[in-house]
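Contents: one structure, followed by commentary.
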Amino acid sequence: MTDIERRLRALRARAPRRLLPSILAALALGDAYTVVDGPVGPLYVAWNDRGVTACVPVAAVDGPFEDAHPRHAIRVDEPPPWLRGPLDRALATGRLGDLPVDLSALGEFQRLVLRKCAEIPPGQIRPYGWIAAELGRPGAARAVGTALARNPIPILIPCHRVVRTDGRIGRYAYGTEMKRELLRREGVDPDAVEALARRRIRYVGSDTPKTYCYPTCHHAARLSADHRVAFRSHAEAEAAGYRPCRACRPAA
Amino acid sequence: MMQPTPNPESLPGRLADDLDGAFADVVRVYQDGIYSGAVQLTRDRHDAEDVVQETFVRAYRALQRYPARRRAELRLGGWLWTIALDVCRNRHRARSRRPDETTLAVLVDPSDPAADDPAAVLDGAAEIEEWRRRLADLPEPQRNAVVLRHVVGLGYDEIAAATGRPVGTVKADVHRGIRRLERIPTVEEVTS
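Protein chains in written order, with numbering that gives the first Met the number 0: chain A, 0 to 251; chain B, 0 to 191.
Rendered as structure tokens:
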């Protein structure tokens with residue numbers, strides 16, 4: 000090899016590592032993923048060119064994420080700029096905000112359930128039946144539970160804010176203790192929630208104006224003790240002349 | 000996480016059996032070569048990244064249309080460059096309508112560890128820039144042939160396939176290109 004040939008060969012460079020995930024994402028052949036700090040430890044976050052496709056606590060995965068992810072997955076050091084800002088904001092605020100998510104691999108009912116779930120503000124909880132009622136399917140609480148149990152983007156889509164209809168915290172894909180800890184981080188005391196549940200109190204009413212709320216609704220949280228009324232059922236509240244709160248829309 | 004380097008010889012057969020499963024390895028094997036060539040042919044590493052992305056996207060779409068037997072018989076290096084040269088030409092055409100804003104900064108990415116590789120043989124960024132300038136001064140057929148032969152490392156038959164020129168012509172292009180590069184004086188020689 001002549002000197003000039005050797006010098007030309009030395010112009011060979013390595014392609015930036017972000018290219019492969021970007022190409023596979025553009026062809027819908029795979030997702031890129033990275034590790035970010037979450038509210039209760041590091042998270043794997045995967046995405047394609049349409050948005051986030053998965054979020055999994057690192058501690059919950061045995062072995063490499065590539066093996067646990069349903070599609071081809073390639074690790075990158077950090078999310079691309081279009082994703083990074085919205086993702087940081089979503090993790091900081093507990094709200095999905097402008098974070099794009101790709102739920103296109105899911106069925107229509109599950110997509111609706113997850114979109115509705117994402118409307119629950121941080122620090123508040125709703126029963127499965129609330130999502131069912133909001134979707135106009137009041138009998139579908141059990142199907143809602145199944146849809147949430149298979150949430151591919153937990154934490155970012157806050158299925159930990161959905162609890163059993165009797166008020167108990169209920170199960171979580173990554174264990175009840177993680178669900179309770181996620182709620183504590185948002186200012187919800189799971190023990191207090193379950194204490195109310197044991198007394199079979201499901202709603203809290205305010206006497207002026209006469210409205211009733213889920214106990215974690217921000218209207219209920221503002222009430223002082225002498226303006227606070229407890230109800231065990233929708234019927235009990237309605238019979239006492241109370242109307243459902245327009246913010247949390249307690250379901251029957 | 001480091002993936003084992005896929006075997007290039009097995010790729011056409013794997014593409015015939017399972018296009019979606021094998022395509023990531025096609026990108027892994029050929030992305031450095033296409034990127035390196037595209038940096039020289041587009042004179043800009045952002046454009047070069049776009050060329051790599053567009054080349055593989057177009058390649059995948061073409062492979063989807065090909066019957067399995069045709070995929071199994073592909074010589075991928077030359078075939079991918081058929082696409083990449085076309086993408087480079089379109090880029091270059093679009094770019095030549097704008098003023099040339101190429102600077103060292105766009106050729107050498109200080110944050111990219113890969114950018115350090117050439118510096119091991121070449122005398123740093125200034126010499127990389129000097130070779131880019133010299134290559135850019137070659138007539139297009141010679142530039143393409145020299146870059147594909149000596150930067151990318153394709154065989155003459157693959158270059159012939161990629162450029163649509165006979166093998167003998169390609170050999171002559173490379174030879175003349177090298178001769179010309181040797182005769183182009185460096186900046187230091189002109190100024191000293």
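Glycine included, each C-beta is placed from N, C-alpha and C at the ideal position. Since this is a predicted model, take the numbers as computed values, not measurements.
- A196(A) is positioned such that its CB atom lies closer than 7 Å to that of R167(A).
- The Cβ atoms of P78(A) and T33(A) lie closer than 7 Å to each other.
- The DSSP-derived three-state label of R199(A) is coil.
- Under the criterion of beta carbons closer than 8 Å, D49(B) and R90(B) qualify as touching, at roughly 7 Å.
- Within the stretch 24-39 of chain B, contact with chain A at the beta-carbon level (separation under 8 Å) is assigned to V26, R27, Q30, D31, G32, I33, Y34, S35, V38, Q39.
- Distance from the CA atom of R114(A) to the CA atom of A53(A), rounded to whole angstroms, is 15 Å.
- Taking CB atoms only, D156(B) has no neighbour in chain A less than 7 Å away.
- For S21(A), the chain B residues whose Cβ falls inside 9 Å of its Cβ are E48, Q52, in order along the chain.
- Relative to the Cα of E65(A), the nearest Cα in the group Y43(A), G84(A), Y213(A), Q109(A) belongs to Y43(A).
- The secondary-structure analysis by DSSP pairs D30(A) across a beta bridge with A72(A).
- Only those residues of the stretch 122-139 of chain B whose C-beta falls short of 7 Å from the nearest C-beta of chain A are listed: I127, W130.
- Each of A146(A), Y173(A), Y211(A), R160(A) was checked against the Cα of V192(A), and the nearest Cα belongs to R160(A).
- DSSP places V169(B) in the uninterrupted alpha helix (DSSP H) bounded by 166-182.
- L111(A) and L10(A) have their C-alpha atoms some 52 Å from each other.
- In the same chain as T81(B), and ignoring 5 residues on each side of it, the C-beta atoms closer than 6 Å to its own belong to A161, in chain order.
- Taking 7 Å as the threshold, the shortest C-beta distance from Y59(B) to chain A falls below it.
- V35(A) and D31(B) have their C-alpha atoms roughly 28 Å apart.
- P137(A) and D190(A) have their C-alpha atoms some 28 Å from each other.
- Counting along the chain, the unbroken beta strand (DSSP E) around V55(A) starts and ends at 50-56.
- DSSP lists no bridge partner for G36(B).
- Residues of chain A with a Cβ closer than 7 Å to the Cβ of L180(B) are, in chain order, I3.
- At a cut-off of 7 Å between beta carbons, V173(B) makes no contact with chain A.
- Counting along the chain, C212(A) sits inside no alpha helix (DSSP H); it lies in the beta strand (DSSP E) bounded by residues 210-212.
- Distance from the Cα of V100(A) is smallest, within the candidate group A45(A), R17(A), A238(A), for A45(A).
- Residue pairing by DSSP places P243(A) opposite Y211(A) in a beta bridge.
- For P153(A), there is no enclosing alpha helix (DSSP H), as DSSP gives it neither H nor E.
- Taking 7 Å as the cut-off, the Cβ atoms of P126(A) and E185(A) do not count as close.
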